[in-house]
Ligand code: FDA
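Shown next, in the form of structure tokens:
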């Protein structure tokens with residue numbers, strides 16, 4: 007299947023540093039990126055979150071960056087989140103978790119080696135403390151499978167102080183049903199997604215229909231549990247199944263939420279919100295958009311055509 011090869015190829019390219027360095031500097035790319043990324047500055051992220059809030063949607067904001075190999079960059083990322091949370095709070099957007107933040111631990115030092123995990127934990131702690139003061143929450147994004155154990159152990163540490171720290175689980179991993187069971191306890195915020203990295207057959211389903219079926223099994227566990235499921239998908243079938251499972255488990259609209267990415271199916275986001283569902287939009291911002299955008303391209307060939315056409319016409 008050529009589309010599978012293209013997807014795999016794009017996911018390999020998403021980790022290519024040479025191509026990243028060229029494209030991130032090209033102004034042409036920047037304009038194309040705008041559909042999926044709020045902009046480069048804190049102000050741009052706050053503005054987009056404010057617009058979403060006005061239209062009845064919540065948000066979680068991601069300062070772009072990943073796989074940091076430089077301790078100074080990890081500190082810079084922590085400071086960016088602290089600045090962002092300050093600006094959001096000042097704009098009146100953080101009460102009751104209206105706008106929260108999503109962190110990639112690899113951007114905070116997890117990938118540094120040595121005491122990298124400890125550095126990432128300390129930076130995440132600093133961010134959680136500021137979020138707590140602002141009245142909002144933090145969710146730890148999940149990256150490739152080599153980081154899952156480390157990320158879940160940092161999650162457990164953080165939850166001792168801040169039980170509202172959110173986890174992300176990926177239905178493509180074989181291990182995830184078990185992780186769902188372990189994380190379905192009272193108050194546990196869990197974002198369920200399909201998973202977006204190139205993973206080997208030894209740890210992850212390769213077939214889309216298997217990933218989708220696993221997603222439903224995981225949803226059943228989370229919806230029947232005591233936690234707070236965050237249903238992160240654009241897949242119309244899975245959105246419908248999530249609604250049915252919530253109803254079957256007697257869940258009120260405020261006991262779970264739907265999540266989608268900025269720029270993807272915005273009309274569906276508005277439709278769900280208008281029905282009284284909670285909808286949260288994931289807003290990436292910053293200038294390190296390459297890895298994020300390449301993963302979105304891998305998910306949908308029409309996005310790639312859009313990107314290539316813009317490159318060709320500039
Ligand atoms: P999939 O890509 O299979 O698409 C299913 C269907 O959705 C399509 O057939 C189409 O109908 C519709 N659709 C998809 N894209 C569309 C578009 N552009 N326009 C119109 N329709 C479209 N991953 C990860 O590994 N770690 C993480 O921490 C996160 N975090 C995260 C947060 C949030 C809020 C979301 C929404 C997603 C993530 N992800 C993630 C990404 C996730 O794992 C996954 O790669 C993408 O969401 C794409 O998968 P879908 O579930 O949308 O299904």
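Residue numbers (UniProt numbering): 7 to 320.
Glycine included, each C-beta is placed from N, C-alpha and C at the ideal position.
Check, Outcome
"Looking at the unbroken beta strand (DSSP E) that takes in residue 230, where does it start and where does it end?", "Where residue 230 is concerned, there is no enclosing beta strand (DSSP E), although the alpha helix (DSSP H) it sits in stretches over 214 to 230."
"Select from 192, 219, 92 the residue whose C-alpha is nearest the C-alpha of residue 182.", "219"
"Suppose you measure from the CA of residue 46 to the CA of residue 93; what does that come to, to the nearest Å?", "15 angstroms"
"Do residue 109 and residue 146 have their beta-carbon atoms positioned less than 9 angstroms apart in this structure?", "yes"
"Please name the residue or residues paired with residue 408 in a DSSP beta bridge.", "Outside the displayed span of the chain (7 to 320) sits residue 408, for which this structure offers no information."
"When you compare only the Cα positions, how much space is there between residue 216 and residue 251?", "19 angstroms"
"Quick one, which of 226, 79, 23 has its alpha-carbon nearest residue 300's?", "23"
"I'd like to know whether the C-beta atoms of residue 97 and residue 50 end up nearer to each other than 9 angstroms.", "no"
"Near residue 86, which residues of its chain fall below 7 angstroms by C-beta distance, leaving aside the five closest residues on each side in sequence?", "69"
"List the endpoints of the continuous beta strand (DSSP E) containing residue 64.", "64 to 69"
"What span of residues does the beta strand (DSSP E) with residue 195 cover, start to end?", "195 to 199"
"Return yes when at least one heavy atom of the ligand FDA lies under 8 angstroms from the C-beta of residue 288, else no.", "yes"
"Evaluate residue 254 with the Cβ neighbour count: other Cβ atoms within 10 Å of its Cβ, from every protein chain shown; 16 or more gives buried, anything less gives exposed.", "exposed"
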